[in-house]
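Read through the structure below, which is laid out as structure tokens, and then see the notes.
Residue numbers (my numbering), protein chains in the order written: chain E, 1 to 102; chain Y, 1001 to 1182.
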């Protein structure tokens, strides 16, 4: 089996992160912003795993595991916030979320 | 290399689809494909445990939550408002500058792929699998329950706090805003 240089994985990761940043800035729907956040998290996870493979120990993969756990917690909280935002303003536009107090 | 090419094309295409598609459902389905492709990359990198967790947690649990939310709020195809050109330009500028910066850093610092600058990677080998580590369930579990056991336990506290916080946030009433029919 041919092996792939680690730089390719890192370049792929950077590309995906850039796409995520673009969507994060441009899209105004809160759900799209959330999904772009997931893309960015996964891009970083790819670079973690490829560098873990490169260095030759598993600590990077454990870090990816914790990133996944935190992402799950973040999904629960973030989607709850989206629900309450939708209840307050009847829209998902991030521009309409400008009040700190209900 | 062929596997990497297929997965990278799939990853980039689905990421662009997530960003570009209009309707949230289409975008979420593209994101599921994206996360499955990430799991494929993990499997290609011998991180078997992470590939399984990626499929179960990300493509399973989190995306079900997202799809459930989209259907719960019954979001119609959003009224297509023209994008603010300033924001569009700023977004393109930010992402492209980040990409150029990262690729330039890769080319200059790690150009030969040996990571001699960082003092890691053994120097001579240029390949990913210079000392093959397999992220099997056994190896990951050994590491999680010995070296990282404290972090693991703190994580359970974080999950508990997230569950309680999600319930509190989602159950709250916003009667002061009048139209609280939902």
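Cβ coordinates follow ideal geometry from the N, Cα and C atoms, glycine included. Keep in mind it's a predicted model, so treat the numbers as computed, not measured.
I want to see whether chain E comes within less than 8 Å of residue i, judged by CB atoms only; does it?
i: residue 1027 (chain Y); result: yes
i: residue 1086 (chain Y); result: no
i: residue 1053 (chain Y); result: yes
i: residue 1033 (chain Y); result: no
i: residue 1071 (chain Y); result: no
i: residue 1128 (chain Y); result: Its pLDDT being 46, under 50, residue 1128 (chain Y) is placed unreliably by the model, and nothing is read from it.
i: residue 1040 (chain Y); result: no
Taking the alpha carbon of residue i as the reference point, which residue from the options has its own alpha carbon closest?
i: residue 1073 (chain Y); options: E:31, E:21, E:22 and E:15; result: E:31
i: residue 1002 (chain Y); options: Y:1041, Y:1104, Y:1057 and Y:1026; result: Y:1041
i: residue 36 (chain E); options: Y:1006, Y:1044, Y:1068 and Y:1021; result: Y:1021
i: residue 1060 (chain Y); options: Y:1086, Y:1031 and Y:1101; result: Y:1031
i: residue 74 (chain E); options: Y:1062, Y:1071 and Y:1150; result: Y:1062
i: residue 1071 (chain Y); options: E:83, E:4 and E:76; result: E:83
i: residue 1092 (chain Y); options: E:20, E:6, E:5 and E:99; result: E:20
When we look at the beta-carbon of residue i and count the other beta-carbons within 10 Å, is it buried (16 or more) or exposed?
i: residue 90 (chain E); result: exposed
i: residue 1034 (chain Y); result: buried
i: residue 1121 (chain Y); result: Low per-residue confidence applies at residue 1121 (chain Y): pLDDT is 47, beneath 50, and the placement is therefore not dependable, though the value from the model is reported in the following sentence. Classification of residue 1121 (chain Y): buried, given that the 10 Å Cβ count is 16 or more.
i: residue 1008 (chain Y); result: buried
i: residue 1097 (chain Y); result: exposed
i: residue 1150 (chain Y); result: exposed
i: residue 15 (chain E); result: buried
Just to confirm, is the Cβ distance from residue i to residue j under 8 Å?
i: residue 61 (chain E); j: residue 1050 (chain Y); result: yes
i: residue 29 (chain E); j: residue 1024 (chain Y); result: yes
i: residue 48 (chain E); j: residue 26 (chain E); result: no
i: residue 79 (chain E); j: residue 1065 (chain Y); result: yes
i: residue 24 (chain E); j: residue 33 (chain E); result: yes
Indicate whether at least one CB of chain Y lies closer than 8 Å to the CB of residue i.
i: residue 37 (chain E); result: no
i: residue 71 (chain E); result: yes
i: residue 98 (chain E); result: no
Hey, would you say the C-beta of residue i is under 7 Å away from at least one heavy atom of the ligand PLP?
i: residue 1164 (chain Y); result: You won't find the ligand PLP in this model; it holds no ligand whatsoever.
The region 42–67 of chain E: which residues have C-beta closer than 8 Å to a C-beta of chain Y, in chain order? 42, 45, 46, 49, 50, 52, 53, 54, 55, 56, 57, 58, 59, 61, 62, 64, 65 and 66
The region 1131–1162 of chain Y: which residues have C-beta closer than 7 Å to a C-beta of chain E, in chain order? 1131, 1133, 1135, 1139, 1140, 1143, 1144, 1148, 1151, 1155, 1158, 1159 and 1162
Residues of the region 1090–1101 of chain Y with Cβ closer than 8 Å to any Cβ of chain E, in chain order: 1090, 1091, 1092, 1094, 1095, 1096, 1098 and 1099
Using a beta-carbon distance cut-off of less than 9 Å, what residues from the region 12–32 of chain E approach chain Y? 12, 13, 14, 15, 16, 17, 18, 19, 20, 21, 22, 23, 24, 25, 26, 27, 28, 29, 31 and 32
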